[in-house]
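What follows is a short report on a single structure.
Right, here's the structure in full:
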């Protein structure tokens, strides 16, 4: 299969831009906005992979063509894995990325264990009988000193010792090479190249 036509099960323009950059010309990527998908998808899975599958099935049932879905989040050891599956909704609806990471920092006050991991599960749903799954993570530390503007979500407070920078301070190329989403997308790209 060359030049795959795939719908990315997201309304998030940041995610779409990251995937388009990684997949390049291999994939013609559309978002839910591009296909006028308006149904609410209830992500009630217990894992990142389950939530990705839920998104894929919901979109595939409507369009009957290949769907790629990602579910990702930040898991902080001192908070028993929170915000985890609820990273995008941490603190409730209507909060900005900055408000979410400020809440995270508030909840971590007094903690000495600042170990965390960004996790990304990617599912490529060609049809109900052809499903490909990858999951990757990147480990780091939470910093109380937000830095950088090349990113979104919790990137400004996720510190990587090997770079002495937060994810939001990395170049796009550096980010794609080490980030949870970049690593998962690179694995998925290899799968797509062999379809």
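In the numbering used here, the protein residues as written are 5 to 199. All C-beta atoms, glycine included, are put in the ideal place defined by N, C-alpha and C. Please read all numbers here as calculations on a predicted model, not as lab measurements.
query: With a CB to CB cut of under 6 Å and the five nearest residues on each side skipped, what residues in its chain are close to residue 62?
result: Here residue 62 corresponds to residue number 58 of the chain shown, with the count starting at 1. The answer, listed in chain order, is 45.
- request: Indicate whether residue 89 and residue 77 have their beta-carbon atoms separated by less than 7 Å.
  value: If you number the chain shown from 1, residue 89 lands on position 85. If you number the chain shown from 1, residue 77 lands on position 73. It is a contact, given that the beta carbons lie within the stated cut-off.
query: Out of curiosity, what's the CA-to-CA distance linking residue 56 and residue 180?
result: By one-based count along the chain shown, residue 56 stands at place 52. By one-based count along the chain shown, residue 180 stands at place 176. Going from the Cα of residue 56 to the Cα of residue 180 covers about 20 Å.
7 Å Cβ cutoff met for residue 111 and residue 81: Within the chain shown, residue 111 is the residue found at index 107, counting from 1. Within the chain shown, residue 81 is the residue found at index 77, counting from 1. No, they are not a contact pair.
query: Does DSSP classify residue 86 as helix, strand or coil?
result: For the purposes of this step, residue 86 is taken as residue 82 along the chain shown, with counting starting at 1. Coil, per DSSP.
Assigned secondary structure, residue 64 (DSSP; H/G/I helix, E/B strand, else coil): The count along the chain shown starts at 1 and reaches residue 64 at position 60. The answer is helix: DSSP assigns residue 64 an H, G or I state.
query: Helix, strand or coil: which one does DSSP assign to residue 33?
result: The sequence position of residue 33 within the chain shown is 29, counting from 1. When DSSP states are grouped into helix, strand and coil, residue 33 belongs to the strand group.
- request: Would you check if the segment 32-45 and the segment 101-115 touch, i.e. whether three or more CB-CB distances between them fall below 8 Å?
  value: For the pair of segments examined, the segment 101-115 was found not to touch the segment 32-45: the number of CB pairs separated by less than 8 Å stays below three.
- prompt: Can residue 160 and residue 170 be called in contact, C-beta distance under 7 Å?
  reply: For this step, residue 160 is matched to residue 156 along the chain shown. For this step, residue 170 is matched to residue 166 along the chain shown. Result yes, Cβ atoms of residue 160 and residue 170 sit closer than 7 Å.
message: Quick check on residue 77: does DSSP put it in helix, strand or coil?
response: Translated into positions along the chain shown, residue 77 becomes position 73. Residue 77: strand per DSSP, three-state reduction.
- request: Assuming residue 142 and residue 122 form a contact by the criterion Cβ under 8 Å, report the distance between their Cβ atoms to the nearest whole angstrom.
  value: By 1-based counting over the chain shown, the position of residue 142 is 138. By 1-based counting over the chain shown, the position of residue 122 is 118. That belief holds up - the Cβ atoms of residue 142 and residue 122 are roughly 5 Å apart, short of 8 Å.
- prompt: By a C-beta neighbour count over all protein chains shown, 10 Å radius and 16 as the cutoff for buried, is residue 134 buried or exposed?
  reply: Taking the first residue of the chain shown as 1, we reach residue 134 at position 130. It counts as exposed.
- request: Quick one: give me the first and last residue of the alpha helix (DSSP H) that residue 13 is part of.
  value: On the chain shown, position 9 is the one that residue 13 refers to. Taken as a continuous stretch (DSSP letters only), residue 13 belongs to no alpha helix (DSSP H), as it is neither H nor E.
- prompt: Quick one: what's got a C-beta closer than 7 Å to residue 156's C-beta in the same chain, skipping five residues either side?
  reply: Reading the chain shown from its first residue, position 152 is the one you call residue 156. Around residue 156: 18 and 101.
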